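Trainee:
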Amino acid sequence: MKPLILPLLAVMGVGALAQDPAGAVVIKGNFDRFTSDELGNVYTLQGDEIALWNAKGVRLLRNSLKTFGEITTIDAFSSLKPMIFSSPQGMLVELDNTLAIQADPIDLNRNGFPQVTLACMSVQNMFWFFDERLMRLTRVDHQLRTVASTGRLDQMLGISPHPILMTEADSWLYVLDPELGVFVFDIFGGYAKTLPIVGTASIEVRDGRILYLKDGVLHSYDLKGHTIGMPVTWLSTYREKGLRDARIERGLLYALYPDRIVVAPLGP
5 MKPLILPLLA VMGVGALAQD PAGAVVIKGN FDRFTSDELG NVYTLQGDEI
55 ALWNAKGVRL LRNSLKTFGE ITTIDAFSSL KPMIFSSPQG MLVELDNTLA
105 IQADPIDLNR NGFPQVTLAC MSVQNMFWFF DERLMRLTRV DHQLRTVAST
155 GRLDQMLGIS PHPILMTEAD SWLYVLDPEL GVFVFDIFGG YAKTLPIVGT
205 ASIEVRDGRI LYLKDGVLHS YDLKGHTIGM PVTWLSTYRE KGLRDARIER
255 GLLYALYPDR IVVAPLGP
């Protein structure tokens with residue numbers, strides 16, 4: 005089910021606080037970050053503990069990854085088999101459907117990738133890396149052999165991006181710089197375009213749209229119409245106090261607050 009979109013309002017209020025909708029599922033916890041997969045499952049990170057929940061708020065699995073280091077990315081590109089990445093440690097690992105480590109963690113520093121600050125999953129069981137020193141995106145296979153590379157982005161784009169997140173969807177790589185926008189590349193490393201999505205710390209690409217939170221308000225960018233609007237949901241269309249992130253899966257809206265995750269149908 006695709007969310008309805010309202011035209012973007014030119015003026016937004018400040019400090020609105022929406023109540024959790026009636027009948028909403030509430031997952032309580034002070035989570036550092038969260039994500040979702042296309043099946044509607046929720047993955048939460050609290051300290052070194054990763055947990056899997058279904059859309060009804062039932063915790064299915066959890067695992068403590070004390071020896072892995074600070075986890076900076078959870079990528080649920082492959083449902084029930086997430087990838088986790090630690091940028092400070094340069095470590096990457098895939099988990100199986102029990103959230104157990106599938107194989108030995110990959111030490112990127114020891115495998116020719118000493119300055120990787122971002123990583124995400126790709127089709128055909130591959131990965132994308134962003135090397136901050138080389139200013140380059142590289143697509144590699146499971147043996148870390150290079151399949152595609154962009155070359156230096158500052159030379160390609162004429163500017164020096166400082167991305168904080170990247171994700172692949174429908175064979176396109178979306179690279180988010182909160183000040184410059186979202187850079188789009190094909191799976192061969194070819195630059196396609198820059199989307200005017202700024203002022204956000206996360207994006208979700210689903211059903212031909214990019215969902216993102218800006219100034220406490222959920223926005224939607226239509227990839228075909230190139231228009232920005234606001235999905236019709238139970239969230240406030242004004243700045244909502246405490247809202248940290250939001251995602252949409254299978255007609256449900258998932259909203260992250262400092263003390264909980266709220267899951268409810270889209271409609272207000």
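In the working numbering, each residue carries its 1-based index in the sequence shown increased by 4.
For every residue, glycine included, the Cβ atom is placed at its ideal position computed from N, Cα and C.
Predicted model, so just to flag it, every value in this text is computed and none were measured.
In three-state DSSP terms, what is residue 87?
Mentor: The count along the sequence shown starts at 1 and reaches residue 87 at position 83. Looking at residue 87 - three-state DSSP - the assignment turns out to be strand.
Trainee: Span of the alpha helix (DSSP H) holding residue 160?
Mentor: Sequence index remark: in the sequence shown, residue 160 carries index 156 (1-based). Here the alpha helix (DSSP H) through residue 160 covers 157-161.
Trainee: If you drop the 5 nearest sequence neighbours on each side, which residues of the same chain put their C-beta closer than 7 Å to that of residue 269?
Mentor: Looking up residue 269 in the sequence shown gives position 265. Contacts found: 255, 256.
Trainee: Are there 16 or more other CB atoms within 10 angstroms of the CB of residue 259, so buried, or fewer, so exposed?
Mentor: Taking the first residue of the sequence shown as 1, we reach residue 259 at position 255. When all chains shown are included, residue 259 counts as buried.
Trainee: Considering only DSSP beta bridges, list what residue 121 is partnered with.
Mentor: To locate residue 121, count along the sequence shown from 1; it is residue 117. Looking at the DSSP assignment, residue 121 forms no beta bridge with any residue, so it has no partner.
Trainee: So which of 117, 201, 133, 68 has the shortest CA-CA distance to residue 172?
Mentor: Taking the sequence shown and counting its residues from 1, one reaches residue 172 at position 168. For the residues 117, 201, 133, 68, the minimum Cα distance to residue 172 belongs to 133.
Trainee: Checking 8 Å against the spacing of the C-beta atoms, do residue 232 and residue 205 come in under that value?
Mentor: On the sequence shown, residue 232 is found 228 positions in, with the first residue counted as 1. On the sequence shown, residue 205 is found 201 positions in, with the first residue counted as 1. For residue 232 and residue 205, no; Cβs fall outside 8 Å.
Trainee: What residues in its chain sit with their C-beta under 7 Å from that of residue 19, if we drop five residues either side in the sequence?
Mentor: Taking the first residue of the sequence shown as position 1, residue 19 is located at position 15. Because residue 19 carries a pLDDT of 41, less than 50, the predicted location of this residue cannot be relied on, and the following value inherits that uncertainty. Same-chain partners within the cutoff: 243, 245.
Trainee: So, with DSSP's three-state summary, where would you put residue 112?
Mentor: On the sequence shown, position 108 is the one that residue 112 refers to. In the structure shown, residue 112 sits in a helix (DSSP, three-state: H, G or I).
Trainee: State whether the segment 75-82 contacts the segment 124-133, with contact taken as three or more CB pairs (one from each stretch) at a distance under 8 Å.
Mentor: yes
Trainee: Cα separation between residue 198 and residue 188?
Mentor: Within the sequence shown, residue 198 is the residue found at index 194, counting from 1. Within the sequence shown, residue 188 is the residue found at index 184, counting from 1. The alpha-carbon atoms of residue 198 and residue 188 are separated by roughly 6 Å.
Trainee: Who pairs with residue 216 in a beta bridge, going by DSSP?
Mentor: Residue numbering aside, residue 216 sits at position 212 when the sequence shown is read from its first letter. Residue 216 is bridged by DSSP to 207, 223.
Trainee: Residues bridged to residue 143 by DSSP?
Mentor: Within the sequence shown, residue 143 is the residue found at index 139, counting from 1. DSSP output for residue 143 lists 132, 152 as bridge partner(s).
Trainee: Since residue 56 and residue 65 are thought to touch, with beta carbons under 8 Å apart, how far apart are those beta carbons, to the nearest angstrom?
Mentor: In the sequence shown, counting from the first residue as 1, residue 56 sits at position 52. In the sequence shown, counting from the first residue as 1, residue 65 sits at position 61. Taking the Cβ atoms as the reference, residue 56 lies roughly 4 Å from residue 65, within the contact range of under 8 Å.
Trainee: My parser needs the beta strand (DSSP E) runs of 3 or more residues fully inside the segment 51-101; what are they?
Mentor: 53-57, 63-68, 77-79, 87-90, 95-98
Trainee: Classify residue 181 as buried or exposed, calling it buried when 16 or more other Cβ atoms lie within 10 Å of its own Cβ.
Mentor: The residue labelled residue 181 in the question sits at position 177 within the sequence shown. By the 10 Å Cβ count, residue 181 comes out buried.
Trainee: Of the residues 104, 43, 164, 93, which one's Cα is nearest the Cα of residue 110?
Mentor: Stepping through the sequence shown from its first residue, residue 110 is reached at position 106. Ranking 104, 43, 164, 93 by Cα distance to residue 110 puts 93 first.
Trainee: Could you tell me which of 107, 106, 96 sits nearest to residue 113, measuring between CA atoms?
Mentor: The residue given as residue 113 occupies position 109 in the sequence shown. Nearest C-alpha to residue 113: 96.
Trainee: For residue 165, does the count of other Cβ atoms within 10 angstroms reach 16, so buried, or fall short, so exposed?
Mentor: Position 161 of the sequence shown, counting from 1, holds the residue named residue 165. It is buried - the Cβ of residue 165 has at least 16 other Cβ atoms within 10 Å.
Trainee: Measure from the alpha carbon of residue 247 to the alpha carbon of each residue in 266, 253, 234, then state which is nearest.
Mentor: What you label residue 247 is simply residue 243 of the sequence shown in a count that begins at 1. In terms of CA proximity to residue 247, 266 leads the group 266, 253, 234.
Trainee: Spell out the partners DSSP gives residue 238 in its beta bridges.
Mentor: The residue given as residue 238 occupies position 234 in the sequence shown. BP columns for residue 238 are empty, so no partner.
Trainee: Using beta-carbon positions only, say whether residue 227 and residue 210 come within less than 8 Å of one another.
Mentor: Residue 227 sits at position 223 when you count from the first residue of the sequence shown. Residue 210 sits at position 206 when you count from the first residue of the sequence shown. No; because the gap between Cβ atoms is not below 8 Å, this pair is not in contact.
Trainee: Using alpha carbons as the reference points, say which of 49, 160, 249, 33 lies closest to residue 87.
Mentor: Taking the sequence shown and counting its residues from 1, one reaches residue 87 at position 83. For the residues 49, 160, 249, 33, the minimum Cα distance to residue 87 belongs to 49.
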